[in-house]
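In this note's numbering, the protein residues as written are 97 to 650.
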């Protein structure tokens with residue numbers, strides 16, 4: 097920070113190693129360290145409201161006494177309402193044009209919350225050291241919440257009673273309650289869609305979708321997750337005899353007369369919109385798998401990216417695969433099975449499964465929707481893959497052994513790093529001004545990566561811990577200069593430097609470079625290679641031994 101009298105003239109970042117300014121900083125934001133003030137007035141208000149809102153002798157509380165001394169005790173944030181006459185809520189931070197979304201049935205949630213809060217309050221009430229504030233001082237009551245929420249447009253999504261005209265077994269209904277302001281309440285009835293999964297591998301994979309279109313009075317809008325996926329999905333639909341036009345918005349489709357349409361929307365589960373007579377069908381309904389952009393659950397992730405199977409087209413009949421729960425089996429293609437479900441026409445509704453064969457010809461059928469449980473086998477050759485026996489516990493034993501090996505390796509690594517961290521290294525000391533003079537003699541502008549590497553190496557050298565760093569880079573990208581900067585710090589810090597090169601020619605080049613760069617400094621450099629005579633090498637060895645040679649190249 098540069099000052100002009102008592103005004104800040106400029107602010108710049110500063111490198112303590114090179115003692116050089118890096119770049120200017122246009123502004124600095126100083127944020128409060130706490131959500132409440134700690135001046136005399138605030139502390140006086142805290143103590144006054146403590147006596148007003150809390151029972152008991154305040155002098156028995158360490159928190160009360162610390163606040164009088166200007167000390168913010170750990171956990172003081174709990175007593176935030178004591179610093180202010182009124183505290184803010186989330187409603188004070190949202191604009192007047194916001195929409196409040198009320199998801200699910202909130203009344204039971206409010207009741208459970210207040211019951212739990214009051215139970216906890218009764219348990220801790222009466223503690224003289226840390227007295228508890230009444231729940232009403234900390235949280236909005238149910239009535240206060242709705243009073244504040246009524247100032248905004250609302251979208252309430254909640255379960256809806258099935259209408260009497262729906263017979264048992266038909267699609268369930270739910271409702272979306274909307275409002276444009278206080279007192280405004282509308283309901284949009286929606287129904288879940290029947291199963292519309294595409295039957296891949298059959299002559300007509302979109303048989304279910306076509307049958308649904310024939311039997312419903314609704315129009316159908318197919319939704320893809322992105323513009324690129326929309327084009328791929330459109331090709332798939334056209335190949336099955338459906339050629340819907342593309343729409344850029346739901347409103348555009350609503351104002352058209354098309355029976356079928358396709359658009360882009362970030363919707364994972366479709367539904368039937370009864371009010372407008374539109375069925376929204378997503379890729380999830382068609383392919384029984386979530387959109388590719390959805391993150392898999394943590395327990396379903398495959399850590400080996402190479403083993404990940406993204407699509408059934410990546411599998412060939414006979415390939416060994418790994419099921420996360422059952423181990424190694426062999427893929428024998430897809431099969432359609434009747435699970436007892438009926439479609440709208442009363443015909444059997446077939447479901448698609450992966451056919452996996454295990455040891456002793458045991459068979460496992462895996463639903464296509466659970467493809468994430470299957471990964472590619474990456475062990476020995478595919479023909480020699482050892483198949484596991486279903487129900488034998490082989491796979492669990494193999495996983496336990498692997499986990500034990502991982503733990504052993506982790507323990508070994510932790511031990512290595514612990515011993516390495518416990519070792520005492522040499523912390524170099526050097527003159528920043530001398531270093532900057534040496535660095536300025538570099539005839540080129542350092543690249544960003546070169547600066548970062550130099551900074552990291554110097555930081556390692558001035559640290560009391562042993563260095564453990566490898567600098568990698570292509571030919572001509574400045575690795576030598578990184579080594580020269582480190583050599584300067586080492587030599588000026590009273591240590592000798594040995595620079596090893598893979599070839600005699602490169603050793604000679606490094607010797608010439610070192611001689612040029614250290615020409616202005618009292619540093620003696622020697623070379624040991626076939627380019628030097630036996631007498632020169634003997635003299636270099638003697639100089640290294642007695643300390644008169646600072647840098648040796650070989």
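All C-beta atoms in this analysis are idealised placements derived from N, C-alpha and C, irrespective of residue type, glycine included.
The DSSP-derived three-state label of residue 648 is strand. Ranked by Cα distance from residue 371, the options 380, 313 and 609 are led by 313. According to DSSP, residue pairing for residue 550 in a beta bridge does not occur. Around the beta carbon of residue 104, fewer than 16 other beta carbons sit within 10 angstroms, so the residue counts as exposed. Following the DSSP letters along the chain, one finds residue 536 in no beta strand (DSSP E) but inside the alpha helix (DSSP H) bounded by residues 528–536. In this structure, residue 597 places its C-beta atom within 7 Å of the C-beta atom of residue 606. Burial is judged here by how many other beta carbons sit within 10 angstroms of a residue's own beta carbon; residue 174 has fewer than 16 and is exposed. Note on residue 414: under 16 other CB atoms within 10 angstroms of its CB, so exposed under the neighbour-count rule. Restricting attention to 168, 576, 623 and 624, the CA atom closest to the CA of residue 129 is found in 168. Distances from the alpha-carbon of residue 576 to those of 557, 556, 555 and 538 put 538 closest. With a cut-off of 8 Å on Cβ pairs, the stretch 490–508 is not in contact with the stretch 427–447, counting fewer than three such pairs. Here the alpha carbon of residue 357 sits roughly 41 Å from the alpha carbon of residue 473.
Remark: C-beta atoms of residue 320 and residue 360 approach each other more closely than 7 Å. CA-to-CA, the gap between residue 427 and residue 301 works out to about 22 Å. Exposure of residue 199 is indicated by the presence of fewer than 16 other C-beta atoms within 10 angstroms of its C-beta.
Within the same chain, 286, 287, 288, 289 and 376 come within 7 Å of residue 367 by CB-CB distance, once the 5 residues on both sides are set aside. Per DSSP, reduced to three states, the secondary structure at residue 103 is strand. If the five residues before and after residue 561 are omitted, its C-beta is found closer than 6 Å to the C-beta atoms of 521, all from its own chain and listed in chain order. Listed in chain order, the beta strand (DSSP E) elements of length 3 or more contained wholly in the stretch 135–209 are 195–199.
The beta-carbon separation of residue 220 and residue 233, rounded to 14 Å, does not stay under the 8 Å limit for a contact. In terms of Cα proximity to residue 306, the closest of 337, 508 and 326 is 337. The beta-carbon distance between residue 592 and residue 643, rounded to whole angstroms, is 7 Å. This is short enough to meet the 8 Å contact definition. Judged by beta-carbon spacing, residue 416 lies within the 7 Å limit of residue 478, meaning their Cβ atoms are closer than that value.
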